[in-house]
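A.B. asks: Below are the structure tokens for one structure; questions will follow.
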């Protein structure tokens, strides 16, 4: 009753606010629908979004998300998710998969770097190995 009085006295002439209506609608929807319903509407929303936005849109929101994540997490978080991702990838792929991506990475690296780059990293590797002996 006090809640109704407060609502009547808040300048909305006894009408519910958009916030309250949204909350009540969301609660009712969640009671009436299952996981598959939300997956389906999420998929439809994703498809509609992909039709309405270009590559730059996704790059921008990805960058914003990455910045927010990096502001909220520390080095250990990234180590943990990297380890989990590596474990999952190794469970889902065979030796040929790693050979193929290694070859692609080597080709890309060789296209992007010159002889001096390889001399420098070879020298650093040699220094590191000699200091470990």
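Numbering (this note's numbering), first residue to last: 162 to 294. The C-beta atom is built at its ideal place from N, Cα and C for all residues, glycine as well.
#1: By the DSSP assignment, the alpha helix (DSSP H) with residue 308 in it spans what residues?
#2: Quick check: the Cα distance between residue 238 and residue 177, rounded to an integer number of angstroms?
#3: What does the alpha-carbon distance come out to for the pair residue 268 and residue 208?
#4: Nearest-angstrom Cα distance between residue 286 and residue 235?
#5: Alpha carbon to alpha carbon, what distance is there between residue 240 and residue 166?
C.D. replies: Put simply:
#1: Since the displayed the chain opens at 162 and closes at 294, residue 308 lies outside it and no answer follows.
#2: Residue 238 and residue 177: Cα-Cα distance of roughly 42 Å.
#3: Taking the straight line joining both Cα atoms gives about 34 Å.
#4: 28 Å
#5: Here the model assigns residue 166 a pLDDT of 43, short of 50, so the residue's position is not dependable, and the following value carries that caveat. If you take the alpha carbons of residue 166 and residue 240, they lie about 54 Å apart.
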